[in-house]
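Asker: If you're matching positions, the sequence shown starts at 10 in my numbering and goes up one per residue.
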Amino acid sequence: MLLILLGIVGIIRNGVLPGDRAFFDFKVFCAAGELWRERVLPYDATRFWAELSRFSPESREHNRKLQAIHVYPPQASAFFALLTRLPIERAARMLLAANVALTVLVLLMMGRILSWFRPIGLVELAFLATLPSVGLYINLRNSQWGILVLALLLASFMLERSGRRGAAGLALALTSFKPSFMPLFALYHLLRGNWRFVAAAALGLAALSILPLILTGQPPLTRLLEFQHALALRDAPGEFLSTHPRERFTINYNMIHLEALLLRLFGGPSALASATVTLASVAMVAGTAWVLRQAPRTEQDHLLDFAIVSALSAVVIYHRIYDLFLLSPGFLCLYLRAAGDVEQRGRWLWLWLWAGVLIAFLLLCTRFNGWATGWVSATPQLRDSPQARALLPMPWLVMAMLLALLQLRRSPAGLAARQLDHRQDARQPA
10 MLLILLGIVG
20 IIRNGVLPGD
30 RAFFDFKVFC
40 AAGELWRERV
50 LPYDATRFWA
60 ELSRFSPESR
70 EHNRKLQAIH
80 VYPPQASAFF
90 ALLTRLPIER
100 AARMLLAANV
110 ALTVLVLLMM
120 GRILSWFRPI
130 GLVELAFLAT
140 LPSVGLYINL
150 RNSQWGILVL
160 ALLLASFMLE
170 RSGRRGAAGL
180 ALALTSFKPS
190 FMPLFALYHL
200 LRGNWRFVAA
210 AALGLAALSI
220 LPLILTGQPP
230 LTRLLEFQHA
240 LALRDAPGEF
250 LSTHPRERFT
260 INYNMIHLEA
270 LLLRLFGGPS
280 ALASATVTLA
290 SVAMVAGTAW
300 VLRQAPRTEQ
310 DHLLDFAIVS
320 ALSAVVIYHR
330 IYDLFLLSPG
340 FLCLYLRAAG
350 DVEQRGRWLW
360 LWLWAGVLIA
370 FLLLCTRFNG
380 WATGWVSATP
390 QLRDSPQARA
400 LLPMPWLVMA
410 MLLALLQLRR
420 SPAGLAARQL
430 DHRQDARQPA
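1. Determine the closest residue to residue 97 out of 193, 262, 34, with distance taken between C-alpha atoms.
2. DSSP three-state label for residue 421, please.
3. Between residue 173 and residue 205, what straight-line distance do the alpha-carbon atoms span, to the nearest angstrom?
4. Taking the runs of the alpha helix (DSSP H) that are 4 residues or longer, which of them lie wholly in the segment 160-228?
5. Do the CB positions of residue 313 and residue 417 come within less than 9 Å of each other?
6. Check whether the Cβ atoms of residue 215 and residue 207 sit closer than 9 Å, and answer yes or no.
7. In angstroms with no decimal places, state the Cα-to-Cα distance between residue 122 and residue 48.
8. If you reduce the DSSP assignment to three classes, tell me which class residue 302 lands in.
9. Leaving out five residues before and five after residue 334 in sequence, what residues of the same chain have Cβ atoms less than 7 Å from its Cβ?
10. State buried or exposed for residue 1, treating a residue as buried only when at least 16 other CB atoms are found within 10 Å of its CB.
11. Using the three-state DSSP reduction, which class does residue 329 fall into: helix, strand or coil?
12. So, is residue 153 buried or exposed, given that buried needs 16 or more other C-beta atoms within 10 angstroms?
13. Might you give, ordered along the chain, the residues of its own chain that have their beta carbon closer than 8 Å to the beta carbon of residue 253, omitting 5 neighbours on each side?
14. Around the Cβ of residue 390, are there at least 16 other Cβ atoms within 10 angstroms (buried) or fewer (exposed)?
15. Which runs of the alpha helix (DSSP H) spanning at least 4 residues fall entirely within the segment 35-65, listed in chain order?
16. Rounding to the nearest angstrom, what Cα-Cα distance links residue 315 and residue 274 in this structure?
17. Smallest Cα separation from residue 212: which of 198, 179, 45, 230?
18. With which residues is residue 264 paired in a DSSP beta bridge?
19. One question on the structure: do residue 235 and residue 52 come within less than 9 Å of each other, judged by their Cβ atoms?
20. From 395, 348, 409, pick the residue whose C-alpha is nearest to that of residue 127; which is it?
21. Within 10 angstroms of its Cβ, does residue 438 collect 16 or more other Cβ (buried), or is it exposed?
22. Kindly examine the ligand FMN and report whether one of its heavy atoms sits closer than 8 Å to the Cβ of residue 346.
23. Output yes or no for whether 9 Å exceeds the beta carbon distance between residue 263 and residue 388.
24. Going by Cα to Cα distance, which pick from 117, 405, 89, 217 is closest to residue 330?
25. To the nearest angstrom, report how far apart residue 294 and residue 63 are at their CA atoms.
26. Hey, which unbroken runs of the alpha helix (DSSP H) at 4 residues or more fall wholly within the segment 84-167?
27. Along the alpha helix (DSSP H) that carries residue 398, what are the first and last residues, could you check?
28. Mapping DSSP to helix, strand and coil, what is residue 232?
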């Protein structure tokens, strides 16, 4: 009960209370939405900064040299335009309220998935209460959209497992307003031959990308090319979203993907660093595909596959600490494996011990990242050294999670949990 209470307090203290203001990123969203209402996309940096200054006059002057401050696709701007119909502070509070509701929904969805494999008791509730520390607090605090993305990914998984593959593909397509999440999930279902899912996702993506442009009288091809140009500028020297490890610490420290880690180890971009990043990413994807080459045999395998693709996305695609929630399905799998092992031995005391160890590990990883980041940031010799930034633990944690899940998938025992005894026929692959 204490852990459940601490989880609720954590959401309020670390997410809700700090989130009760318009964070800079939210002002970026509002500027993009305002330009959309004027039928102008925000990829012209001069025009964008002029609009943003209305919402954020305190922005530092050196930031105004950035060219790729906004790299969301056109449909995101149409979505953000809904926010600009309200005063910015009121809109920020509405987003915070929506994110709190989505946090509750996400926990209910993960609890539902957990209930497929074991009864939900106090131990499971305590475990679920800790999961918001994996990327959800910062989304609440900084007016981000990651909780909505997680809800859509979970909905896609749950709909697909219930046999509603068309609806599952559409749920995945809705994540396209943040395009770094969709590719590997779509590739996984393509390799599985899940054609209805893939077709629905592709049609949904096309509709979401083009219809908003047509309905507002904007040339689709021109706007999409402008978006691609802005995306290409993202890694230019001095840009806010650049992976270059010699950029300002406040820009670079919160990246969690493999490319950022390798560039830190190499000290910066180079031909050798680029080749290493490419080879390592290809090896990660190919190795994961090799492990997943055998179709899922049980419901445990389906959940493991979902967790593996989520973790792989965090490793090989550009992601920041906002997107750490991609590890949440992995933590579900680790808990199920621990609980299953203990249950088979008939020692419920060990279940509590395993749950305590896993929860402590989960909290330590997230809190330790804050401590390590603060230490590096406060030490000039470390803060300004690309190699020292490689000490930041989150990229290592993300890779460790992926490797642990791949090992579970290769293990004959899998998650060592009971199979579902209902709706099996409806869940057979197409």
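All residues carry an ideal CB built from backbone N, CA and C; glycine is no exception.
Answerer: According to the structure data:
1. Working through the sequence shown from its first residue, we reach residue 97 at position 88. Checking every option, the nearest Cα to that of residue 97 belongs to 34.
2. Working through the sequence shown from its first residue, we reach residue 421 at position 412. Coil, per DSSP.
3. One-based indexing of the sequence shown puts residue 173 at position 164. One-based indexing of the sequence shown puts residue 205 at position 196. Rounded to the nearest angstrom, the two C-alpha atoms are 9 Å apart.
4. Listed in chain order, the complete alpha helix (DSSP H) runs (minimum 4 residues) inside the segment 160-228 are 174-182, 191-200, 204-224.
5. Walking along the sequence shown from the start, residue 313 turns up at place 304. Walking along the sequence shown from the start, residue 417 turns up at place 408. Contact flag set, yes.
6. As a working note, residue 215 is residue 206 in the sequence shown. As a working note, residue 207 is residue 198 in the sequence shown. No. Outside cutoff.
7. Taking the sequence shown and counting its residues from 1, the one referred to as residue 122 is at position 113. Taking the sequence shown and counting its residues from 1, the one referred to as residue 48 is at position 39. Their backbone Cα atoms lie some 42 Å apart in a straight line.
8. By one-based count along the sequence shown, residue 302 stands at place 293. Note: residue 302 maps to coil in three-state DSSP.
9. For the purposes of this step, residue 334 is taken as residue 325 along the sequence shown, with counting starting at 1. Scanning its chain for C-beta atoms nearer than 7 Å, with the 5 sequence neighbours on each side dropped, one finds around residue 334 the residues 143, 144, 145, 155, 159, in chain order.
10. The chain is shown only over 10 to 439; residue 1 falls outside these bounds and no answer can be derived.
11. Numbered from its first residue, the sequence shown carries residue 329 at position 320. DSSP places residue 329 in the strand class (E or B) of the three-state scheme.
12. In the sequence shown, residue 153 corresponds to position 144, counting from 1. Classification for residue 153: buried.
13. As a working mapping, residue 253 is identified with position 244 in the sequence shown. 244, 246, 261, 272, 277, 278, listed in sequence order.
14. One-based indexing of the sequence shown puts residue 390 at position 381. The residue in question, residue 390, is exposed, as its Cβ has fewer than 16 Cβ neighbours within 10 Å.
15. Entirely contained in the segment 35-65, the alpha helix (DSSP H) runs reaching 4 residues are, in chain order, 54-64.
16. As a working note, residue 315 is residue 306 in the sequence shown. As a working note, residue 274 is residue 265 in the sequence shown. Distance between the alpha carbons of residue 315 and residue 274: 30 Å.
17. To locate residue 212, count along the sequence shown from 1; it is residue 203. Nearest option by C-alpha distance: 179.
18. The residue you call residue 264 lines up with position 255 of the sequence shown. Partner residues in the beta bridge of residue 264, as assigned by DSSP, are 329.
19. One-based indexing of the sequence shown puts residue 235 at position 226. One-based indexing of the sequence shown puts residue 52 at position 43. Contact flag set, yes.
20. Locating residue 127 in the sequence shown gives position 118, where the first residue counts as 1. Minimum Cα-Cα distance from residue 127 among the listed residues 395, 348, 409 corresponds to 348.
21. Residue 438 sits at position 429 when you count from the first residue of the sequence shown. The predicted position of residue 438 is uncertain, since its pLDDT is 41 and thus under 50; a value taken from the coordinates is nonetheless stated next. When all chains shown are included, residue 438 counts as exposed.
22. Within the structure as shown, the ligand FMN is missing, as the structure has no ligands at all.
23. Here the question's residue 263 lines up with position 254 in the sequence shown. Here the question's residue 388 lines up with position 379 in the sequence shown. No; because the gap between Cβ atoms is not below 9 Å, this pair is not in contact.
24. Here residue 330 is taken as the residue at index 321 of the sequence shown, counted from 1. Out of 117, 405, 89, 217, the CA that lies nearest to the CA of residue 330 is found in 405.
25. The sequence position of residue 294 within the sequence shown is 285, counting from 1. The sequence position of residue 63 within the sequence shown is 54, counting from 1. Distance from the CA of residue 294 to the CA of residue 63, rounded to the nearest whole angstrom, comes to 43 Å.
26. DSSP runs (the alpha helix (DSSP H)) wholly in the segment 84-167: 97-124, 131-139, 145-150.
27. Mapped onto the sequence shown, residue 398 falls at position 389. 395-398 is the extent of the alpha helix (DSSP H) around residue 398.
28. Numbered from 1 along the sequence shown, position 223 holds the residue referred to as residue 232. DSSP, read as helix, strand or coil, puts residue 232 in helix.
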